[in-house]
DNA sequence: TTTTTATTGGTAATTATTTAACAAACTGAT
DNA sequence: ATCAGTTTGTTAAATAATTACCAATAAAAA
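Residue numbers (our numbering), protein chains in the order written: chain W, 14 to 230; chain Y, 14 to 230.
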């Protein structure tokens, strides 16, 4: 355990999953080795950036050879912590919550969905993929009992902060937040936001801009 | 029409929706003016950054006064192109597609959902919020007829590129992509990705890191 | 074995982004 | 009207991120 320099920029970290995804595809295709140049061509990055990024975590390549695809894939899985399991619950079992419950990507990243909660009595009792929707009042007890450390917030923005407070009150470690608001949490709690409305507005901006550029031609 | 300098960085653009969101909240609270310093305190940005960002688009403030909240909100809405309407279709009407169809955020950003498509015959014919799910073979005709310029891809990764090809073949302008893959499109087509798996892996990384840091204490 | 070729890891240069600083200019009080 | 207090827009400085470069070294060829 030597390399624990916590000062790796988010820019680098957000590229890791993409590396991982493409490395998996290469493994599937049976590619055993790859140079940073070729890998960069595939990803649309410079070779330099790839080498720089990977070197934040260790020297995984070899001169004159490149990188061993399978080995690098496993290294990155390890860096991302995909081999560790984290138990999660979804709070807010409406359309989005149910869609997330059906999301097949949990497998691949070590998260296990253990429960779902909602305030709406009509939803309580329904099961989604063998996960029963429970009343939100049972949440605290469940978190303790089932060793939950991740909360996925799929409520409307109005309820989100209160849910976050309850989750952090139970010493949850991280929140995956789909509610269109910024959460106020203790500094040792990790929040990863998925703000669909912001993504959509960026799309609107780019379309609008493109259109203006056309007009000015 | 003077200010059309297209060289505004994505870093700035991705902050605009957040400005817009908080300005809306301030309007609702009845706040009429705000200084960059106070606004920065609320958003967690520096006052400098806010002034710098806004000045990419124009001088909306006034010395000794600050910014008029409502006015600035409307300016940003205009910059983001939220007043223009864009007709959209969803391709892939599974859980995620249906959840997106129910998504209420379209309103606020000028997008109008006009149709949904799927290859699964069991889904074709069903309606979600008055939007009928159609067979994907009807898509091309529908795009022309209903003046669609945005495609929302909610298929598994396997079908995504083919859907993208069909969409761009019909001269669609932009794609909101939820499939866990990178799409290859003509350069004049805008793609905005929502890669949930990548977001989740970043969360995994941050949790893993935090844990390692704890251990080293 | 020797030579040529490929390719890394690391350092330096460049470019981009963020933050600081401050003159100019407005507000609001006296 | 004048003046003190604010706060902007803008330029300069600092910091961060990306790209270019190259010596070192391994692989492959001769």
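The beta-carbon is built from N, C-alpha and C at its ideal position, and this holds for glycine as well.
In terms of Cα proximity to residue 63 of chain W, the closest of W/48, W/76, W/94 is W/48. In this structure the segment 154 to 170 of chain W does not touch the segment 174 to 194 of chain Y; the number of beta carbon pairs closer than 8 Å is below three. Each of W/114, W/98, W/43 was checked against the Cα of residue 104 of chain W, and the nearest Cα belongs to W/114. Of the other Cβ atoms in all chains shown, 16 or more fall within 10 Å of the Cβ of residue 212 of chain W; this residue is therefore buried.
In the displayed model, residue 65 of chain W falls within a helix according to three-state DSSP. Shown here, residue 92 of chain Y sits in a helix according to DSSP, grouped into three states. In the three-state scheme derived from DSSP, where H, G and I count as helix and E and B as strand, residue 225 of chain Y is classed as helix.
Taking C-beta atoms under 8 Å as the contact rule, residue 223 of chain Y and residue 139 of chain W fail to qualify, at a distance of about 34 Å.
Taking 8 Å as the CB threshold, residue 164 of chain W stays off the interface with chain Y. The shortest CA-to-CA distance from residue 191 of chain W to any of W/217, W/229, W/199, W/207 is the one to W/207. By a beta-carbon distance limit of 8 Å, residue 33 of chain W does not contact residue 125 of chain W. Their separation comes to about 19 Å. Per DSSP, reduced to three states, the secondary structure at residue 75 of chain Y is strand. At a cut-off of 8 Å between beta carbons, residue 182 of chain Y makes no contact with chain W. Within the segment 210 to 225 of chain W, contact with chain Y at the beta-carbon level (separation under 7 Å) is assigned to 210, 211, 212, 213, 214, 215, 216, 217, 218, 219, 220, 221, 222, 223, 225. For residue 158 of chain Y, no beta strand (DSSP E) segment is defined; the enclosing uninterrupted segment is the alpha helix (DSSP H) at 152 to 158.
Contact residues of the segment 86 to 100 of chain Y toward chain W are 92, 93, 94, 95, 97, 99 (C-beta to C-beta distance below 8 Å). Here DSSP, grouped into helix, strand and coil, assigns residue 108 of chain Y to helix. When C-beta atoms of the segment 44 to 58 of chain W are compared with those of the segment 106 to 120 of chain W, fewer than three pairs fall below 8 Å, so the two segments do not count as touching. Around the beta carbon of residue 86 of chain Y, 16 or more other beta carbons sit within 10 angstroms, so the residue counts as buried. Residue 93 of chain Y sits away from residue 136 of chain Y, with the two beta carbons spaced by 8 Å or more. With contacts defined as CB atoms closer than 8 Å, residue 122 of chain W and residue 214 of chain Y qualify as a contacting pair. Between residue 163 of chain Y and residue 112 of chain Y, the CB-CB gap reaches or exceeds 8 Å. Its chain contains 114, 115 as the residues whose beta carbon lies nearer than 7 Å to that of residue 142 of chain W, once the 5 sequence neighbours on both sides are disregarded; these appear in chain order. Spanning the alpha carbons of residue 131 of chain W and residue 120 of chain Y requires a straight line of approximately 25 Å.
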